[in-house]
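Residue numbers (my numbering): 410 to 837. Single-structure report; data block below.
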């Protein structure tokens, strides 16, 4: 959510930003907010004048009563009563106007960084850099479900009976590999100075609306029936929510946290063949990183965050690339975003395994995350990035470490988490 003062003073800049995001239907909202804001400020001024006048008259009434001028005092009391009724009307009007303004402001997209390429959707995202040499082996690589099943490591049929489509059982060595990757990612981030945290896996609605847009909430979140609670779609939500309505001393910044959690997503809509199996699912586990920092430091932290993911994947011998998200592919709260994509030898292309986002002060403004600095209070900047999110990440891992005999090589960094195993051998 952008600052209404910025919108008031720069309406054309806000409109141009909306155009860059190809959301022209929202253009009238800028003028509507300005009009409502004018009404609200006018009502507030009249209310403030009435309050000041009430205090002045109250003193005059006391003075008149002390002088025995009861009739004059009573006349002033009638004036106070009339003003009180008007004040009540104005306060109600202010509240209604502020609710309408807030609702609209939460749908107007954040101002994107000037470096963001302009494009309509993810097909116009721009490759930034590749890390590692993409390799296509001289043997056929099966679909990821077939690889997992060859180790007796995946049971989709039982999961459908228990929970429906979009769920899975991971078994044996594949389940162990899943946990090993999460544990390695945890330690990897701790070694980089991040504080490890296991957050709540459910959050209240005021946190949900603080961290994402209404459209994202509807597309992603599962609500707990009869309670003001939602299952998290990513631990970033509860991690940023940890700082709701707080004032952080400037000297305590940055806050750098890495978190483990299960994640739950609706994943609406139909998906192609390559997104079946365990690629696009309703439940998965994830290691995340978030940063709360001073505004002038957020660009620096943004580059550090996505680099962490690149370094993690390269340490497991998985080639990756970074992709700059274009304006039309950015969620409304984001200032800038880079996706990390892993190489798929089977598909002979890259696919997304993580996303790094700088949200500026949008989340902090919604959640009232403030910093107390030398020059006063201001809103913090928040950033988030995926460290690793199996089982999708396992697809990249298995394909890139698959050997000709069907076994899967375990990179050196993961071997301590796999009990010293150097490879996983086929069961069938």
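All residues carry an ideal CB built from backbone N, CA and C; glycine is no exception. Because the structure is a prediction, the values reported are computed rather than measured.
Listed in chain order, the non-local C-beta contacts of residue 488 below 7 Å within the same chain comprise 466, local neighbours out to five positions each way being set aside. Taking 8 Å as the upper bound for CB-CB distance, residue 625 and residue 773 are not in contact here, some 18 Å apart.
For residue 724, the uninterrupted alpha helix (DSSP H) segment begins and ends at 707-724. Residue 641 and residue 610 have their C-alpha atoms roughly 6 Å apart. In terms of CA proximity to residue 810, 543 leads the group 454, 536, 543, 745.
The Cβ-Cβ distance between residue 794 and residue 714 falls below 7 Å.
When Cβ pairs closer than 8 Å are counted between the two stretches, the stretch 819-831 is seen to touch the stretch 718-727, the count reaching three or more. Under the three-state reduction of DSSP, residue 572 is assigned to coil, being neither helix nor strand. Rounded to the nearest whole angstrom, the CA to CA distance from residue 440 to residue 411 is 15 Å. Scanning the stretch 761-802 for uninterrupted beta strand (DSSP E) segments of 3 residues or longer gives 778-782, 785-788, 790-797, listed from N- to C-terminal end. Of the other Cβ atoms in all chains shown, 16 or more fall within 10 Å of the Cβ of residue 582; this residue is therefore buried.
Around the beta carbon of residue 605, fewer than 16 other beta carbons lie within 10 angstroms, which makes this residue exposed. By the neighbour-count definition (other C-beta atoms within 10 Å, threshold 16), residue 633 is an exposed residue.
CA-to-CA, the gap between residue 784 and residue 707 works out to about 19 Å. Shown here for residue 593: same chain residues with a beta carbon closer than 7 Å to its own, the five before and five after excluded, namely 822, 823, 826 in chain order. For residue 701, the enclosing beta strand (DSSP E) has its first and last residue at 692-702. For residue 730, the enclosing beta strand (DSSP E) stretches over residues 729-733. With respect to the 7 Å criterion, residue 538 and residue 731 are classified as neighbours on the basis of their beta carbons. Beyond the five residues adjoining it in sequence on each side, residue 766 comes within less than 6 Å, by CB distance, of 743, 746, 793 in the same chain, given in chain order. When DSSP reads this structure, residue 751 sits in a beta bridge with 729, 760.
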